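In mature numbering (1 follows the signal peptide of the UniProt record, and there is no 0), the protein residues as written are -23 to -1, 1 to 133.
What follows is the structure in structure tokens.
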């Protein structure tokens, strides 16, 4: 049996999380060493996952992040994968060169606060399914600046 204090604490945490400027809850990539810290992830129309996306529409992503004080990146490249039954499937995006396309200014200096912005088009010919999207920003040495996973439902 869960204690009343623990239940009240969980309710309070969920209420605070729900009220924070439409930030989207996400899962961190626990198997990665990151050179940046995610402050907030915002996905259009999705404060609480799973995020339902409709085929034939764009989905906007904004990732507010800060470089760690002992880290910098000369370049930044986007890597997006669909994670289905434990298999990572690459998703080609126009935001590969994040310095040029995602509204961030490179080099990313130590302790700098940054806002990465991108849109993904959900093609009409994608199958309707549930998956995780793994979104990474990699530096010139292929080290992860940030990485997160988001449960997504693709619908017609």
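Note that the Cβ used here is the ideal one computed from N, Cα and C, for glycine as well.
These numbers come from a predicted model, not from an experiment.
Look at residue 28 here: in three-state DSSP terms it is strand. Going by beta carbons, residue 121 and residue 9 fall inside the 8 Å limit.
In the DSSP annotation of this structure, the continuous segment of the alpha helix (DSSP H) that includes residue 78 starts and ends at 75 to 78. Relative to residue 55, the option among 61, 68 and 64 whose CA is nearest is 68. By the criterion of a C-beta distance shorter than 7 Å, residue 133 is surrounded in its chain by 32 and 105, once the five residues flanking it on both sides are discounted. With a beta-carbon spacing of about 6 Å, residue 14 and residue 45 fall inside the 8 Å limit used to define contacts. Contact between residue 53 and residue 97 does not hold, since the beta-carbon distance rounds to 17 Å and is not under 8 Å.
Residue 41 carries a strand assignment under DSSP once its states are collapsed to helix, strand and coil. In the displayed model, residue 58 falls within a strand according to three-state DSSP. One Cα belongs to residue 103, the other to residue 21, and the distance between them is close to 19 Å.
Taken through DSSP and simplified to helix, strand or coil, residue 36 comes out as strand.
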